[in-house]
Amino acid sequence: GESVGLHLPTLSVQEGDNSIINCAYSNSASDYFIWYKQESGKGPQFIIDIRSNMDKRQGQRVTVLLNKTVKHLSLQIAATQPGDSAVYFCAETEGAQKLVFGQGTRLTINP
Amino acid sequence: DAGITQSPRYKITETGRQVTLMCHQTWSHSYMFWYRQDLGHGLRLIYYSAAADITDKGEVPDGYVVSRSKTENFPLTLESATRSQTSVYFCASSESNLNQQPQHFGDGTRLSIL
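And the structure:
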């Protein structure tokens, strides 16, 4: 079936640096994408979303880029802080509400 | 604003027992979802509901039962628990399917079947 995956299972960056988390998706008909952050013992927390009619969307310290040509999604976090340490998931859906989640990338911020 | 709450947070039970996980949301969201999260599988959809009295199967529905008599509640029942159902269970909700809205998650129930 269709699936969403991540290129890197773990990522370590220095505090203050920018981080980029990547995600590949296989369903070319997907039209809505979401990034979630999950801290230990908590549920996934919505970070930012993007629809397929856009290729970039910015939030507070976060930017999502969508490249539909190569079916690639990325999450950029600027000026990382210790509180950014978590597992990040991308998710995609085609029209309906049934999200397909990737396996997750663990981001570690080093002091 | 409580948002979405799950109970209990932790549960230990034995194989063959019935167990119900509760989910309550205060946003009046139309859609509610149940996922399980396991190492190596990520989040997998068990059941979802588009509105009260409307439910549908997700990716891994076997062994689970849901109901949605009220918009704000979406309980998940394991009728005869098995060890393979040991997992962390997350409930989520979202607004109408129109304009595609993100799902918002509770903090999960960690369930252990002995």
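So the sequences go chain by chain: Z and U. Each residue of the first sequence is one higher than the last, beginning at 1 in this note's numbering. Each residue of the second sequence is one higher than the last, beginning at 1 in this note's numbering. Glycine included, every Cβ here is placed at the ideal spot set by N, Cα and C.
Please compile the residues from chain Z whose C-beta is within a distance smaller than 7 Å of the C-beta of residue i.
| i | result |
| --- | --- |
| U/L45 | K98 |
Run through DSSP, which three-state label would residue i get?
| i | result |
| --- | --- |
| U/R17 | coil |
| U/S112 | strand |
| U/Q85 | helix |
| U/Q6 | strand |
| U/S96 | coil |
| U/F74 | coil |
When you compare only the Cα positions, how much space is there between residue i and residue j?
| i | j | result |
| --- | --- | --- |
| Z/F89 | Z/V62 | 14 Å |
| Z/H72 | U/E14 | 43 Å |
| U/Y64 | U/Q85 | 9 Å |
| Z/K98 | Z/K56 | 23 Å |
| U/I46 | U/T109 | 14 Å |
| Z/Q103 | Z/V87 | 9 Å |
| U/E73 | Z/A29 | The sequence shown places Asn at residue 73 of chain U, not Glu. Cα to Cα, the separation comes out at about 32 Å. |
| U/M22 | U/L76 | 7 Å |
Use the C-beta contact count for residue i: other C-beta atoms within 10 angstroms, 16 or more gives buried, fewer gives exposed.
| i | result |
| --- | --- |
| Z/M54 | exposed |
| Z/A91 | buried |
| U/R36 | buried |
Less than 7 Å between the CB of residue i and some heavy atom of the ligand FMN, yes or no?
| i | result |
| --- | --- |
| Z/Q60 | By its list of ligands, the structure shown contains no ligand whatsoever, and the ligand FMN lies outside what it can speak to. |
Which residues in chain Z sit within 8 Å of residue i, going by Cβ to Cβ distance?
| i | result |
| --- | --- |
| U/G42 | F89, F101, G102, Q103, G104 |
Give the residues of chain U in contact with residue i, contact being defined as C-beta atoms less than 7 Å apart.
| i | result |
| --- | --- |
| Z/I34 | P102 |
task: Pick out the complete beta strand (DSSP E) segments inside the stretch 24-52 of chain U, 3 residues or longer, and give them in chain order.
output: 31-38, 42-51
- prompt: Whole beta strand (DSSP E) runs in the stretch 62-93 of chain Z with 3 or more residues, listed along the chain?
  reply: 62-67, 72-77, 86-93
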